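Data first, discussion second: the structure below is written as structure tokens.
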Amino acid sequence: MPISTQPARPRLSPANFLFGVAYYPEHDLPEHLEHDVERLLAAKVNVVRMAEFAWDRMERREGEFDFSFFDFHIDRLGRAGIKTILCTPTEAPPMWLTTNYPDVLQVDANGRSMQQGSRQHASLCSPRYRDFSRKITHAMATHFARNPHVIGWQTDNEIYCHTAEDYSPAAHVAFREFLSEKYRDIAALNEAWGTNFWAQTYTNFEEVLPPYAMRPSAENPGHRLDFLLFTSHKAVVFQRDQVEILRAANPAWWITHNGVFRNLDYREFSRDLDFMAVDVYPMLAFMDAPGELSPAKFPSRLLARTRSICGKFIVTELQSGPGGQLDWMSATPEPGQMRLFAWQGVAHGAEGILHFRWRTCRYGAEEYWEGVIDHDNVLRRRFEELCVEGAEFARLAPILRGTEVRPEVGVLFDMGLMEFGHRPITHGLPSPWDVADGIFTACSAAGLNVGYVHPLDSLEGCKLLFLCSNAIVTAEVVAALTRWVERGGTLVILARSGTKDKFGRVVAATPPGLLTALAGCTVKEHSRLNSPPLTGSPSITFKWDDQVFSENLWREVLETRGGAVVARWREGRFVDAAAAVENQVGEGRCFYIGTYASTELVSGWLALLMKNTSVKAIIPGIPPGVEVLRRTGEGKTLVFVLNHTAEIKKIANAPTGEHLLPGVETTDGVLTLPAFGVALIRS
Ligand code: GAL
Numbered sequence: 006m007p008i009s010t011q012p013a014r015p016r017l018s019p020a021n022f023l024f025g026v027a028y029y030p031e032h033d034l035p036e037h038l039e040h041d042v043e044r045l046l047a048a049k050v051n052v053v054r055m056a057e058f059a060w061d062r063m064e065r066r067e068g069e070f071d072f073s074f075f076d077f078h079i080d081r082l083g084r085a086g087i088k089t090i091l092c093t094p095t096e097a098p099p100m101w102l103t104t105n106y107p108d109v110l111q112v113d114a115n116g117r118s119m120q121q122g123s124r125q126h127a128s129l130c131s132p133r134y135r136d137f138s139r140k141i142t143h144a145m146a147t148h149f150a151r152n153p154h155v156i157g158w159q160t161d162n163e164i165y166c167h168t169a170e171d172y173s174p175a176a177h178v179a180f181r182e183f184l185s186e187k188y189r190d191i192a193a194l195n196e197a198w199g200t201n202f203w204a205q206t207y208t209n210f211e212e213v214l215p216p217y218a219m220r221p222s223a224e225n226p227g228h229r230l231d232f233l234l235f236t237s238h239k240a241v242v243f244q245r246d247q248v249e250i251l252r253a254a255n256p257a258w259w260i261t262h263n264g265v266f267r268n269l270d271y272r273e274f275s276r277d278l279d280f281m282a283v284d285v286y287p288m289l290a291f292m293d294a295p296g297e298l299s300p301a302k303f304p305s306r307l308l309a310r311t312r313s314i315c316g317k318f319i320v321t322e323l324q325s326g327p328g329g330q331l332d333w334m335s336a337t338p339e340p341g342q343m344r345l346f347a348w349q350g351v352a353h354g355a356e357g358i359l360h361f362r363w364r365t366c367r368y369g370a371e372e373y374w375e376g377v378i379d380h381d382n383v384l385r386r387r388f389e390e391l392c393v394e395g396a397e398f399a400r401l402a403p404i405l406r407g408t409e410v411r412p413e414v415g416v417l418f419d420m421g422l423m424e425f426g427h428r429p430i431t432h433g434l435p436s437p438w439d440v441a442d443g444i445f446t447a448c449s450a451a452g453l454n455v456g457y458v459h460p461l462d463s464l465e466g467c468k469l470l471f472l473c474s475n476a477i478v479t480a481e482v483v484a485a486l487t488r489w490v491e492r493g494g495t496l497v498i499l500a501r502s503g504t505k506d507k508f509g510r511v512v513a514a515t516p517p518g519l520l521t522a523l524a525g526c527t528v529k530e531h532s533r534l535n536s537p538p539l540t541g542s543p544s545i546t547f548k549w550d551d552q553v554f555s556e557n558l559w560r561e562v563l564e565t566r567g568g569a570v571v572a573r574w575r576e577g578r579f580v581d582a583a584a585a586v587e588n589q590v591g592e593g594r595c596f597y598i599g600t601y602a603s604t605e606l607v608s609g610w611l612a613l614l615m616k617n618t619s620v621k622a623i624i625p626g627i628p629p630g631v632e633v634l635r636r637t638g639e640g641k642t643l644v645f646v647l648n649h650t651a652e653i654k655k656i657a658n659a660p661t662g663e664h665l666l667p668g669v670e671t672t673d674g675v676l677t678l679p680a681f682g683v684a685l686i687r688s
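Using the numbering used here, read the sequence shown as starting at 6 and increasing by one per residue.
As structure tokens, this is what we get:
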């Protein structure tokens with residue numbers, strides 16, 4: 006299993022704005038399909054996505070391929086000008102495959118094999134499954150290579166949506182190969198994992214197992230960190246098999262994959278792709294955290310995160326109706342909300358929106374995951390809304406072209422080592438992913454032009470950056486951040502950053518280790534604040550510029566190393582000890598803050614952090630439940646204002662310019678947005 010060193014290739018883009026639906030003719034009654042072409046055209050759909058769950062139809066028996074069903078439907082739509090994105094169908098292997106070759110099934114951490122009858126149960130490491138994956142991909146690729154209606158591909162479907170870690174015999178072999186390639190010498194692995202703790206020294210790679218669940222006490226964190234990195238990497242290797250076959254068959258096809266989930270380093274994964282894709286189900290947010298803001302916050306972060314992976318993305322599945330599986334169901338989007346979600350995707354930079362799904366399936370685990378058209382094939386308000394969207398995107402696509410989101414405030418985020426570095430030992434504290442989300446939410450609620458940014462990407466255009474309690478910060482990242490600060494940036498470093506090396510071992514230097522020169526301080530002492538804490542108070546407080554903030558997770562006592570103390574603790578033994586330090590570095594500044602950052606804390610700090618920067622809100626003072634975003638490029642500035650609430654919202658300080666969407670108005674500088682309304686202003 007080689008570790009990827011493949012350089013990025015020039016990336017392809019969709020030729021035009023993609024607007025469409027996930028299309029499953031294999032689930033429909035023939036009479037229901039009859040009027041699809043005219044209906045899709047009425048909604049100005051220009052693309053559909055097909056076949057990700059149809060392996061059983063394309064290879065009914067091993068080695069017997071038959072693509073006539075999809076030939077027919079691709080052609081039927083293609084003749085009307087509707088293009089197709091095809092998918093490799095490997096998320097759901099056919100029954101003959103898992104029955105005849107049960108060794109392709111995944112195994113869980115307790116050593117129990119998965120069973121067929123759902124999806125995502127095959128092992129991505131299984132040489133046999135990889136072979137079947139290559140064969141179906143090759144058969145599809147060569148068959149459709151000259152089909153003018155097929156414009157691009159989605160590999161597999163939502164890898165790691167349900168399960169990621171695999172403990173099968175095949176995964177065991179692949180894990181060992183991964184480790185021996187990474188460390189070469191078992192002594193290096195022993196050193197990296199600190200195996201002399203609890204007598205775990207290995208004498209050869211053969212002795213290393215996946216980190217099974219059956220252990221009486223805590224596992225070795227270095228072992229877990231490598232298993233996380235391996236788990237991510239095995240998806241890269243599995244996908245690469247398919248990508249190579251597709252590219253060889255037709256180099257003009259673009260290739261994408263729909264994420265975004267927590268166990269994959271999409272930066273590595275997307276190097277083989279042309280752009281990322283994401284599936285967005287905003288109503289699910291209501292189920293976890295009811296409240297007016299939930300549907301705004303959750304997809305907003307998901308979309309922004311997807312954008313940050315390679316700068317370009319489409320939405321492959323966007324909620325249309327209510328959704329549910331066996332024992333749960335989300336609410337139905339209100340009138341206008343489906344269109345709002347579509348514009349939210351575009352506001353975050355999406356170059357295409359495909360709704361899930363065209364017609365609701367009448368059977369199966371998702372018989373109530375409702376699409377644009379209901380079970381009875383009768384057109385209702387969701388179809389009408391689709392037509393509104395289609396007409397708007399068709400009209401505005403030329404204006405959107407050439408514009409993108411360019412964040413001014415960057416929340417530093419890496420889905421690989423910097424995130425996985427937290428997981429082996431969490432101490433019950435939030436991961437960098439969660440810290441980043443809290444900061445993103447605070448900045449977004451303040452109307453800032455905020456995005457997730459990888460520290461090794463170009464940081465140009467960013468004026469304020471947050472380093473989100475990332476224990477592992479490599480020398481390369483420190484060097485990149487230092488260069489950026491020296492040129493005038495403002496960097497905020499949060500507690501515990503820089504405390505570990507790339508193997509997850511605590512650094513020997515005083516924290517924040519390699520970040521000390523930037524931070525202008527070191528950490529003298531730290532404490533986890535448990536609830537109720539030994540000190541008796543539910544949280545501790547610190548004072549910054551006459552404002553008092555409460556922290557209830559973590560306290561660091563700082564010692565300056567050239568920086569100036571800007572905040573001090575107020576209680577207990579450490580009254581008046583430094584809680585935050587500001588440090589001048591070249592033309593820029595760095596704040597080290599010895600606490601974890603919640604949304605509330607960052608909201609309170611924002612004005613202090615933004616002082617002396619030129620960061621300005623896109624629209625200052627936006628009311629709760631309203632989201633504001635900006636796309637720029639080719640001399641155009643497009644401001645999107647989205648009302649995620651069921652009430653009319655009045656927005657003062659709205660930018661002046663041409664309104665590109667109907668139903669909103671600006672009078673005396675006050676923009677009035679109807680419930681679930683969207684404004685698009687070209688300024
Ligand atoms: C996605 C998946 C689809 C469908 C949809 C609704 O996760 O890609 O196949 O399951 O959600 O659940």
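The beta carbon of each residue, even a glycine, is placed where N, CA and C say it ideally should be. All of these numbers come straight from a predicted model, not from anything done at the bench.
The Cβ atoms of Glu561 and Val528 sit closer than 8 Å to each other. Nearest C-alpha to Cys92 among Val155, Pro667, Asn225, Phe74: Val155. For Trp158, there is no enclosing alpha helix (DSSP H); the enclosing beta strand (DSSP E) has its first and last residue at 155-159. Residue environment: Asp190 is assigned as exposed (fewer than 16 neighbouring CB atoms within 10 Å of its CB, all protein chains considered). Using a Cβ distance threshold of 8 Å, Thr642 and Ser688 count as a contacting pair. Inclusion of His238 and Phe183 in the CB contact set at 8 Å is warranted, their separation being smaller than that value. With a threshold of 16 other beta carbon atoms within 10 Å, Trp101 falls short and is exposed. DSSP, read as helix, strand or coil, puts Gly609 in helix. For Asp284, the shortest C-beta to heavy atom distance toward the ligand GAL is below 7 Å. Within its own chain, the residues whose Cβ lies closer than 6 Å to the Cβ of His78, once the five positions on either side in sequence are excluded, are Pro30, listed in chain order.
Taking the Cα positions, Phe388 is about 16 Å away from Cys366. In this structure, Asn21 has its CB at a distance of at least 7 Å from all heavy atoms of the ligand GAL. At a Cβ-Cβ threshold of 8 Å, Val631 and Ile623 do not count as neighbours. At the C-beta level, Trp158 and Ile90 come within 8 Å of one another.
Below 8 Å, enough C-beta pairs join the segment 99-119 and the segment 208-220 to call them touching: three or more.
Looking at Leu563, Glu409, Ala484, the one whose alpha-carbon comes closest to that of Arg501 is Leu563. Within the DSSP secondary-structure output, Trp559 pairs in a beta bridge with Arg533.
Set against 7 Å, the gap from the CB of Glu322 to the closest heavy atom of the ligand GAL is smaller.
Residue environment: Thr104 is assigned as exposed (fewer than 16 neighbouring CB atoms within 10 Å of its CB, all protein chains considered).
By the neighbour-count criterion, in which 16 or more other beta carbons inside 10 Å mark a residue as buried, Pro107 falls on the exposed side. Between the ligand GAL and the CB of Cys392, the shortest heavy atom gap is not smaller than 7 Å. Burial state of Glu375 is buried, judged by a 10 Å Cβ sphere holding 16 or more other Cβ atoms. Sixteen is the threshold: since fewer than 16 other Cβ atoms of the shown chains lie within 10 Å of the Cβ of Arg385, the residue is exposed. Taking the Cβ of Phe74 as the reference point, every heavy atom of the ligand GAL lies at 7 Å or farther away. Between the segment 266-279 and the segment 341-351 there are fewer than three C-beta pairs closer than 8 Å, too few to call the two in contact.
Under the Cβ criterion (8 Å, minimum of three pairs), the segment 562-578 counts as touching the segment 546-554. In this structure the segment 128-138 does not touch the segment 193-212; the number of beta carbon pairs closer than 8 Å is below three. Positions of the beta strand (DSSP E) runs, each at least 3 residues long and wholly inside the segment 13-57, are given as 23-27, 52-55 in order along the chain. Per DSSP, Phe180 is one residue of the alpha helix (DSSP H) stretching across 174-188.
For Glu371, the shortest separation between its Cβ and any heavy atom of the ligand GAL lies below 7 Å. Counting only unbroken stretches of 3 or more residues, the beta strand (DSSP E) elements lying wholly within the segment 435-500 are 455-458, 469-472, 495-499, in sequence order. Under the three-pair Cβ rule at 8 Å, the segment 388-403 counts as touching the segment 49-60.
The segment 120-129 makes contact with the segment 170-177; the number of CB pairs closer than 8 Å reaches 3 or more. Setting aside the 5 residues that flank it on each side, Phe202 is surrounded in the same chain by Asn225, each with a C-beta closer than 8 Å to its C-beta; the list follows chain order.
Between the ligand GAL and Phe346, a heavy atom-to-CB distance of less than 7 Å is absent. In the DSSP annotation of this structure, the continuous segment of the beta strand (DSSP E) that includes Val644 starts and ends at 641-648.
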